[in-house]
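Residue numbers (our numbering), protein chains in the order written: chain A, 1 to 307; chain B, 308 to 614.
2 protein chains.
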Amino acid sequence: MKQGFDDIVAKVKECGRKTVAVSVAQDSAVLEAVKEAKARGIADAILVGDEGKIREIAAQIDMDLTGYEIIHEPDMIQASLKAVKLAHEGKADMYMKGLIDTKNFLKSVLDKEVGLRTGKPLSHVCVFEIPGIDRLLFLTDVAFITYPTLEDKIHIIENTLPVCKACGVSLPKVAPLAAVEVVNPKMPVTVEADELTKMCEEGKIPGCIVDGPLSLDLAIDAEAAKHKGATDRKIQGDADVLLFPDIHAGNLVYKAIVHMVKVKNGCILTGTKVPVILTSRSDTFETKVNSIALAAVVAEEMKRNAG
Amino acid sequence: MKQGFDDIVAKVKECGRKTVAVSVAQDSAVLEAVKEAKARGIADAILVGDEGKIREIAAQIDMDLTGYEIIHEPDMIQASLKAVKLAHEGKADMYMKGLIDTKNFLKSVLDKEVGLRTGKPLSHVCVFEIPGIDRLLFLTDVAFITYPTLEDKIHIIENTLPVCKACGVSLPKVAPLAAVEVVNPKMPVTVEADELTKMCEEGKIPGCIVDGPLSLDLAIDAEAAKHKGATDRKIQGDADVLLFPDIHAGNLVYKAIVHMVKVKNGCILTGTKVPVILTSRSDTFETKVNSIALAAVVAEEMKRNAG
């Protein structure tokens, strides 16, 4: 019953063919990922940017550009606005960062006319397939929202639910994490975790089961949960979503896993009209391809919900 | 050049024979660790607690009590005070928690007459041997100080230095961690990391090299540091000490490593007159034994410094 990225790729192929709009596409690492995504049948791409440079890089990485739409726009800001507009208008199903700095990329995402705003705050979700864990783990937010308020955390959970659903988890268990599993007024994070839990019980956060505060062992390790006698908890080592107290905790755990464990992972930005792929230069090739696959199933899920 | 717990155990054997005073020793898991520590030549033990119960448990776990000093004291508080006094007076080299709650155990550690106060705040350090990393990593503080101030962080570093030295790291590289590696006034953690770095440069934190803020990849992964072009940093993937922003970040990373990676680890409390072993019931047998070995080399180092 192991669930992993192979299942996500299999799901992509059940969906209608997806297309990613690439913002300032003249980036070698991004083009390699796009090429691989097309080769594996995950997604087609529309490449927006400097056509000459795109063709030059494509030649270097042995990428056949037949079948790719290329929109020539040498100005980076204009290229990002043209690319995001494709997603805005439904001509592309997801939007991906190329050779443009994050700040200007996000400006295009948030552009009032051609961007992907939904009125919700954006958040980041990273999906992990970890050896020894028989399901996908959804870590959030490890990269975008720095110090989430209680309200932010509700939005983060809501943003993550379609990602879970797209990956086949229809009623995810959400663990607001802390160093401890009991409420301690001296640790505000535990108080907020408790509030989220109660709000979920009251039906205010539908579509999931929230149980916190939880320490990481109780969230992911059923043996540890049993050992600690956590038999009254709604989550006993079987959490799907790991909700982090802040960006430092989230990012440090994310990087510990990436650098110490042989994992597969993919990340997207959500809270947007379509999934946004914002890979970093330190991400591996495989992570970039996985992120496109993840975005593709999430795009399908969003369409299904909207339609 | 791989450094690990085998080296620590080898070091213990070069030191003079060490003795651990066990507080309320009638605990099966603790006695098993004590038995193993003796069998491996790591440490002898003085068992303080209910003698009848100690003998009963020893029989169950096939532990020969010959050669152990047993001090009969059925009252838990009194037993903890008698046990800590042994360490206070130098009759034992380290102090270990048995079947007593953490709160009362710490009360004995902090007792003004027979305890182990040094005037410094206590902090926790966890030593990890991680596959793929060729040196020991010292994580602090993942369990004790909740929200360390700048001053606390200086004490945490100072408390950790003898632990590093005891493990053969004479000039440790200390990485104050954050989600990012640049100072951002909106992230106070990064500002404090920068202050610690400057204080170290000014000679105010001697005996180590501090460089922060650092993201975890730059702290532990030389390839990532190279890839990100961090060639001007004092730490380029070769940090020894990982200093966490707060207990949530520290504890979540600690548990991620313990539950996802095949590691060896041992933990102690420092800032005390002698090392204090405060293992938790969720620690494995091996972790408990490693913690005793770690405490033994740290006890030797402290004695050398005092003498």
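We put the beta carbon where it would ideally sit given N, CA and C, even for glycine.
Worksheet item: Can you give the Cα-Cα distance for Pro131/A and Val263/A, rounded to whole angstroms?
Response: Translated into positions along the first sequence, residue 131/A becomes position 131. Translated into positions along the first sequence, residue 263/A becomes position 263. Distance between the alpha carbons of Pro131/A and Val263/A is about 7 Å.
Worksheet item: Rounded to a whole number of angstroms, what is the C-alpha to C-alpha distance between Gly469/B and Val319/B?
Response: On the second sequence, residue 469/B is found 162 positions in, with the first residue counted as 1. On the second sequence, residue 319/B is found 12 positions in, with the first residue counted as 1. Reading off the sequence, residue 469/B comes out as Pro, not Gly. Taking C-alpha positions only, Pro469/B is separated from Val319/B by approximately 15 Å.
Discussion item. Check whether chain B comes within 7 Å of Asn305/A, counting only Cβ atoms and requiring the distance to be less than that.
Written reply: Position 305 of the first sequence holds residue 305/A. For Asn305/A, no CB of chain B lies under 7 Å from its own CB, so it is not counted at the interface with that chain.
Worksheet item: Mind pulling the chain A residues with CB within less than 7 Å of Pro552/B?
Response: Start at 1 with the first residue of the second sequence, and residue 552/B comes out as number 245. Close partners of Pro552/B in chain A (Cβ separation under 7 Å): His248.
Fill in: Alpha-carbon to alpha-carbon, Val127/A and His72/A
The residue given as residue 72/A occupies position 72 in the first sequence. The residue given as residue 127/A occupies position 127 in the first sequence. Approximately 33 Å between the Cα atoms of the pair.
Practice prompt. Could you tell me which chain A residues have their CB closer than 9 Å to the CB of Ile584/B, listed as they occur along the chain?
Written response: Residue numbering aside, residue 584/B sits at position 277 when the second sequence is read from its first letter. The contact set of Ile584/B on chain A, defined by CB atoms closer than 9 Å, is empty, because the minimum CB distance reaches about 20 Å.
Worksheet item: Nearest-angstrom Cα distance between Ile156/A and Gly4/A?
Response: As a first step, residue 156/A is located in the first sequence; it is residue number 156 there, counting from the start. As a first step, residue 4/A is located in the first sequence; it is residue number 4 there, counting from the start. Rounded to the nearest whole angstrom, the CA to CA distance from Ile156/A to Gly4/A is 22 Å.
Worksheet item: Okay, do the stretch 231–250 of chain A and the stretch 485–497 of chain B touch, 3+ Cβ pairs below 8 Å being the bar?
Response: Yes: at least three Cβ pairs fall under 8 Å.
Fill in: Secondary structure, alpha helix (DSSP H): runs of 4+ residues fully inside the stretch 99–140 of chain A
Unbroken alpha helix (DSSP H) runs of no fewer than 4 residues, entirely contained in the stretch 99–140 of chain A, are found at 102–109, following chain order.
Worksheet item: Are the Cβ atoms of Cys322/B and Glu607/B separated by less than 7 Å?
Response: Mapped onto the second sequence, residue 322/B falls at position 15. Mapped onto the second sequence, residue 607/B falls at position 300. For the pair Cys322/B and Glu607/B, the CB atoms are nearer than the 7 Å cut-off.
Item to complete: Could you check the C-alpha separation between Ala531/B and Lys342/B for me, to the nearest Å?
Response: In the second sequence, the residue the question calls residue 531/B occupies position 224. In the second sequence, the residue the question calls residue 342/B occupies position 35. A straight-line Cα-Cα distance of about 43 Å links Ala531/B and Lys342/B.
Item to complete: Identify every residue that forms a DSSP beta bridge with Ile145/A.
Response: Here residue 145/A is taken as the residue at index 145 of the first sequence, counted from 1. Its beta-bridge partners do not exist; DSSP assigns none.
Fill in: Enclosing beta strand (DSSP E) for Met401/B [first to last residue]
Taking the second sequence and counting its residues from 1, one reaches residue 401/B at position 94. It spans Met401 to Lys404 - the beta strand (DSSP E) in which Met401/B sits, taken as one unbroken run.
Practice prompt. Compare the C-beta of Val496/B with all C-beta atoms of chain A and state if any pair is closer than 7 Å.
Written response: Position 189 of the second sequence, counted from the first residue, corresponds to residue 496/B. It does; some Cβ of chain A falls within 7 Å.
Practice prompt. With DSSP as the reference, label Lys13/A as helix, strand or coil.
Written response: As a working mapping, residue 13/A is identified with position 13 in the first sequence. Of the three classes helix, strand and coil, the one that applies to Lys13/A here is helix, per DSSP.
Discussion item. Is Asn265/A close to chain B? Criterion is C-beta to C-beta, closer than 7 Å.
Written reply: Counted from its first residue, the first sequence places residue 265/A at position 265. Not closer than 7 Å to any Cβ of chain B, the Cβ of Asn265/A fails to qualify, so no.
Worksheet item: How many angstroms separate the CA atom of Asp616/B from the CA atom of Val581/B?
Response: No answer is possible for residue 616/B: the residues shown for chain B start at 308 and end at 614.
Worksheet item: Quick one: what does DSSP say Cys167/A is sitting in, helix, strand or coil?
Response: As a first step, residue 167/A must be located in the first sequence, where it is residue number 167. For Cys167/A, the secondary structure class from DSSP, reduced to helix, strand or coil, is coil.
Discussion item. Using the Cβ count rule (16 or more neighbours within 10 Å means buried), how would you classify Asn305/A?
Written reply: On the first sequence, position 305 is the one that residue 305/A refers to. Asn305/A is exposed by the Cβ-count criterion.
Practice prompt. Please work out which residues of its chain come closer than 7 Å, Cβ to Cβ, to Ser291/A, disregarding the five sequence neighbours upstream and downstream, and give them in chain order.
Written response: Mapped onto the first sequence, residue 291/A falls at position 291. Here the set comprises Gly266, Cys267, Ile268, Ile277 and Thr279.
Item to complete: Under 7 Å Cβ to Cβ from Val490/B, same chain only, skipping five residues before and after it: list those, please.
Response: Locating residue 490/B in the second sequence gives position 183, counting from the first residue. The answer, listed in chain order, is Thr497, Val498, Asp501 and Pro520.
Worksheet item: Rounded to a whole number of angstroms, what is the C-alpha to C-alpha distance between Val316/B and Val476/B?
Response: Position 9 of the second sequence, counted from the start, is the residue given in the question as residue 316/B. Position 169 of the second sequence, counted from the start, is the residue given in the question as residue 476/B. In a straight line, the C-alpha of Val316/B is about 15 Å away from that of Val476/B.
Fill in: Members of the stretch 519–533 of chain B that neighbour chain A once the beta carbon cut-off is set at 8 Å
Taking 8 Å as the Cβ-Cβ cut-off against chain A, the residues of the stretch 519–533 of chain B that qualify are Ser522, Leu523, Asp524, Ile527, Asp528 and Ala531.
Item to complete: Report the rounded CA-to-CA distance for Tyr561/B versus Leu372/B, giving the unit in angstroms.
Response: Residue numbering aside, residue 561/B sits at position 254 when the second sequence is read from its first letter. Residue numbering aside, residue 372/B sits at position 65 when the second sequence is read from its first letter. The alpha-carbon separation between Tyr561/B and Leu372/B amounts to approximately 35 Å.
Worksheet item: Cβ of Asn558/B less than 7 Å from any chain A Cβ?
Response: Numbered from 1 along the second sequence, position 251 holds the residue referred to as residue 558/B. Yes, its Cβ sits closer than 7 Å to a Cβ of chain A.
Item to complete: Would you tell me roughly how many angstroms separate the C-alpha atoms of Arg55/A and Phe138/A, rounded to the nearest one?
Response: Sequence index remark: in the first sequence, residue 55/A carries index 55 (1-based). Sequence index remark: in the first sequence, residue 138/A carries index 138 (1-based). Each residue's alpha carbon lies about 36 Å from the other.
Worksheet item: Name the chain A residues whose beta carbon is nearer than 8 Å to that of His566/B?
Response: In the second sequence, the residue the question calls residue 566/B occupies position 259. Using a Cβ-Cβ cut-off of 8 Å, His566/B is close to Leu216, Asp217, Ile220, Asp221 and Ala224 of chain A, given in chain order.
Discussion item. On the DSSP letters alone, give me the boundaries of the alpha helix (DSSP H) that Lys595/B sits inside.
Written reply: On the second sequence, position 288 is the one that residue 595/B refers to. In the DSSP assignment, Lys595/B falls within the alpha helix (DSSP H) that extends over Phe592 to Ala613.
Item to complete: Kindly say whether Lys562/B, judged by its beta-carbon, lies nearer than 7 Å to any beta-carbon of chain A.
Response: Taking the first residue of the second sequence as position 1, residue 562/B is located at position 255. It does; some Cβ of chain A falls within 7 Å.
Item to complete: Following the continuous alpha helix (DSSP H) through Pro513/B, name the residue where it begins and the one where it ends.
Response: Counting from 1 along the second sequence, the entry for residue 513/B is found at position 206. Segment: none, Pro513/B is in no alpha helix (DSSP H) and carries neither H nor E.
Worksheet entry | DSSP state of Asp246/A mapped onto helix, strand, coil | The residue given as residue 246/A occupies position 246 in the first sequence. In the structure shown, Asp246/A falls within a coil segment according to DSSP collapsed to helix, strand and coil.
Worksheet item: At least one CB of chain A closer than 7 Å to the CB of Ser589/B: is that the case?
Response: The count along the second sequence starts at 1 and reaches residue 589/B at position 282. Yes, because at least one Cβ of chain A sits closer than 7 Å to the Cβ of Ser589/B.
Worksheet item: Which residues, in chain order, does the stretch 146–177 of chain A contribute to contact with chain B at a C-beta distance below 9 Å?
Response: Contacts with chain B (Cβ-Cβ distance below 9 Å) from the stretch 146–177 of chain A involve Thr146, Tyr147 and Leu177, listed in chain order.
Discussion item. When you compare the CB positions of Ile368/B and Ser387/B, do they come within less than 7 Å of one another, or not?
Written reply: Here residue 368/B refers to the residue found at position 61 when the second sequence is read from its first residue. Here residue 387/B refers to the residue found at position 80 when the second sequence is read from its first residue. The answer is no: Cβ separation not under 7 Å.
Practice prompt. Compare the Cα-Cα distances from Leu393/B to each of Val355/B, Glu508/B, Ile516/B and Lys595/B and report the closest residue.
Written response: Taking the second sequence and counting its residues from 1, one reaches residue 393/B at position 86. Minimum Cα distance to Leu393/B is reached at Val355/B.
Worksheet item: Per DSSP, what kind of secondary structure is Gln3/A in: helix, strand or coil?
Response: What you label residue 3/A is simply residue 3 of the first sequence in a count that begins at 1. Residue state, collapsed to three classes: coil.
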